[in-house]
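Engineer: Please see the structure below; I have some questions.
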Amino acid sequence: MQIRAADEADYPGIDSLLKSAFPGPEEARLVVCLRAADQDTLELVAEDHGRIVGTIFFSPVQALSPAGTEFYGIGLAPMAVTAEHQKRGIGSALIEHGLTFLTTLGVPWCVVLGDPAYYSRSGFQPASVINWRWDGDPEGDHAEAFMIKPLGNHALPDQAALVSYHPAFETV
Ligand SMILES: CC(C)(COP(=O)(O)OP(=O)(O)OC[C@H]1O[C@@H](n2cnc3c(N)ncnc32)[C@H](O)[C@@H]1OP(=O)(O)O)[C@@H](O)C(=O)NCCC(=O)NCCS
Numbered sequence: 003m004q005i006r007a008a009d010e011a012d013y014p015g016i017d018s019l020l021k022s023a024f025p026g027p028e029e030a031r032l033v034v035c036l037r038a039a040d041q042d043t044l045e046l047v048a049e050d051h052g053r054i055v056g057t058i059f060f061s062p063v064q065a066l067s068p069a070g071t072e073f074y075g076i077g078l079a080p081m082a083v084t085a086e087h088q089k090r091g092i093g094s095a096l097i098e099h100g101l102t103f104l105t106t107l108g109v110p111w112c113v114v115l116g117d118p119a120y121y122s123r124s125g126f127q128p129a130s131v132i133n134w135r136w137d138g139d140p141e142g143d144h145a146e147a148f149m150i151k152p153l154g155n156h157a158l159p160d161q162a163a164l165v166s167y168h169p170a171f172e173t174v
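Position one of the sequence shown corresponds to residue 3 (the working numbering), numbered consecutively onward.
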């Protein structure tokens, strides 16, 4: 099993994996849209004997403070591991490899919208601790699920902010 950057030849395998891992085709479509919009900052695959068994995608996100300060970071989404390869650490390894590479690029933080029990294992904490909210959840109903992790030596910003994903996420 190896983890490496995805290339075009992997796209059909990534598409099949996303369609099988999620209830609908939205995540597979999201990845196609983000690539087309040049928002594919980092896309990794886990390959086992020539087969794509895991995938993770990172794209730019923007945060805006009430005073108008803009912060730029990265969003993790989507990620998936084939059912028969789950619970072997592949998902955690994809996150770790991705965040390590993004750290070397100087990316200051990564956000994710997902299960807190899973992503807290990789060092994510609720973004509410720094008064950051996702603009798709204005009432804060999913505040626990919106998480952030500082990368490298970066400290998390100390101003409240509203985080926006690329418009392609509105279709998910
Ligand atoms: C989430 C996912 C990528 C994890 O992949 P994985 O390779 O199994 O992850 P790891 O092996 O690193 O970690 C597995 C552990 O996380 C736990 N886990 C997996 N999904 C979880 C979730 N949603 N909430 C809490 N714990 C979860 C597993 O029970 C397992 O626990 P264990 O180590 O105590 O047995 C995989 O379950 C998956 O593809 N799910 C369907 C798609 C999805 O929900 N993607 C995430 C949203 S973008």
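Cβ coordinates follow ideal geometry from the N, Cα and C atoms, glycine included.
These figures come from a predicted structure and were not determined experimentally.
Examine ligand 1 and report whether any of its heavy atoms sits within less than 6 Å of the Cβ of residue 80.
Structural biologist: Position 78 of the sequence shown, counted from the start, is the residue given in the question as residue 80. Checking every heavy atom of ligand 1 against the Cβ of residue 80, one is found closer than 6 Å.
Engineer: State yes or no: is the C-beta of residue 92 nearer than 6 Å to some heavy atom of ligand 1?
Structural biologist: By 1-based counting over the sequence shown, the position of residue 92 is 90. True, at least one ligand heavy atom lies under 6 Å from that Cβ.
Engineer: By how many angstroms is the C-alpha of residue 78 removed from the C-alpha of residue 63?
Structural biologist: In the sequence shown, residue 63 corresponds to position 61, counting from 1. In the sequence shown, residue 78 corresponds to position 76, counting from 1. So the alpha carbons of these two residues sit roughly 10 Å apart.
Engineer: State the Cα-Cα distance for the pair residue 44 and residue 150, rounded to the nearest angstrom.
Structural biologist: Taking the first residue of the sequence shown as position 1, residue 44 is located at position 42. Taking the first residue of the sequence shown as position 1, residue 150 is located at position 148. Using only the alpha carbons, I get a separation of about 17 Å.
Engineer: Compute the distance between the beta-carbons of residue 76 and residue 16, then report whether it is under 7 Å.
Structural biologist: Taking the sequence shown and counting its residues from 1, the one referred to as residue 76 is at position 74. Taking the sequence shown and counting its residues from 1, the one referred to as residue 16 is at position 14. For residue 76 and residue 16, no; Cβs fall outside 7 Å.
Engineer: Under the assumption that residue 56 contacts residue 83 (Cβ atoms under 8 Å), give the Cβ distance between them as a whole number of angstroms.
Structural biologist: Along the sequence shown, read from residue 1 onward, the residue named residue 56 stands at position 54. Along the sequence shown, read from residue 1 onward, the residue named residue 83 stands at position 81. Confirmed, Cβ separation roughly 4 Å.
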